[in-house]
Amino acid sequence: MRNKLIIIGASGHGKVVADIAIKMNKWQSIAFLDDDQTIKTSMGLEVIGTTADAFTYKDEADFFVAIGSNAVREKVQEKLIEQGLNLVSLIHPSSVIGTDVEIGIGSVVMAGVVINSSTRIGKGCITNTSSSLDHDNAIEDYVHISPGVNMAGTVKVGNGSWIGIGSVISNNVNICSGCKVGAGTVVVKDITEPGTYVGVPVRRVDR
Numbered sequence: 024m025r026n027k028l029i030i031i032g033a034s035g036h037g038k039v040v041a042d043i044a045i046k047m048n049k050w051q052s053i054a055f056l057d058d059d060q061t062i063k064t065s066m067g068l069e070v071i072g073t074t075a076d077a078f079t080y081k082d083e084a085d086f087f088v089a090i091g092s093n094a095v096r097e098k099v100q101e102k103l104i105e106q107g108l109n110l111v112s113l114i115h116p117s118s119v120i121g122t123d124v125e126i127g128i129g130s131v132v133m134a135g136v137v138i139n140s141s142t143r144i145g146k147g148c149i150t151n152t153s154s155s156l157d158h159d160n161a162i163e164d165y166v167h168i169s170p171g172v173n174m175a176g177t178v179k180v181g182n183g184s185w186i187g188i189g190s191v192i193s194n195n196v197n198i199c200s201g202c203k204v205g206a207g208t209v210v211v212k213d214i215t216e217p218g219t220y221v222g223v224p225v226r227r228v229d230r
């Protein structure tokens with residue numbers, strides 16, 4: 024771990040990420056990169072350049088990609104990994120992380136989250152405020168679990184899927200890659216085709 028952390032993305036999601044990094048108290052300095060050159064500071068932290076400038080700091084900083092879009096986050100993070108930059112995960116001190124939990128690089132765990140034992144979270148994932156994941160869940164890469172989501176045990180979520188705020192996922196359910204699950208949706212059976220899903224119980228709406 025290095026003394027400097029650079030967060031890519033200085034908007035709303037970046038602010039929450041920066042707050043977690045500050046509370047972790049592991050870096051002497053924290054700064055942003057953002058492609059909107061009108062943004063000079065965020066959260067009282069300096070914006071020191073654009074995404075393309077990341078490679079300038081390769082040997083002196085840790086990096087975190089704070090971009091809300093799963094697809095864009097994946098594109099940026101994979102490029103940084105390919106170029107040998109050091110990606111870190113960020114875990115809010117108020118979260119509860121069980122035994123035998125794995126969290127991949129570039130993933131963030133926000134305030135009030137509970138992740139129970141033997142759960143696996145891939146790289147570049149967002150586990151958002153006050154969500155809960157029970158035992159033996161498998162969250163693949165670049166998934167966004169929104170605030171207040173409740174997942175029972177042995178749930179699997181495929182690459183790049185987005186689980187909307189306040190959703191409930193029953194136990195032993197598989198959600199395939201490339202899904203969008205709307206706010207407040209109740210998922211009680213497997214979702215096997217990419218698409219947009221809403222409702223109680225869940226139904227597909229993008230046919």
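So for the sequence shown, the numbering used here puts the first residue at 24; every next one is plus one.
Yeah, the Cβ is synthetic: ideal placement off N, Cα and C, and Gly gets one too.
Could you give the first and the last residue of the continuous alpha helix (DSSP H) run that contains Lys212? Where Lys212 is concerned, there is no enclosing alpha helix (DSSP H), given that its DSSP letter is neither H nor E.
So which of Ser65, Ile188, Thr73 and Asp76 has the shortest CA-CA distance to Gly207? With distances taken between Cα atoms, Gly207 lies closest to Ile188.
Going by beta-carbon coordinates alone, are Pro170 and Thr152 separated by less than 7 Å? yes
Taking Ala84 as part of the beta strand (DSSP E), name the residues at either end of that continuous run. Ala84 to Val88
Which one or two residues does DSSP pair with Lys203 in a beta bridge? Trp185 and Thr219
Cys199 to Asp213 span [Cα, whole Å]: 8 Å
Taking the continuous alpha helix (DSSP H) assigned at Ile43, which residues delimit it? Gly35 to Met47
Under DSSP, the alpha helix (DSSP H) around Leu56 begins and ends at which residues? No alpha helix (DSSP H) contains Leu56, which is instead part of the beta strand (DSSP E) from Ser52 to Leu56.
Secondary structure at Ala161, three-state DSSP: helix, strand or coil? In the structure shown, Ala161 sits in a strand (DSSP, three-state: E or B).
Quick test of the definition: if touching needs 3 or more C-beta pairs under 8 Å, does the segment 128–140 touch the segment 93–113? Pairwise C-beta distances place the segment 128–140 in contact with the segment 93–113, as three or more of them are shorter than 8 Å.
Please report how far the alpha carbon of Thr122 lies from the alpha carbon of Ser154, in whole angstroms. Straight-line Cα distance between these residues: approximately 18 Å.
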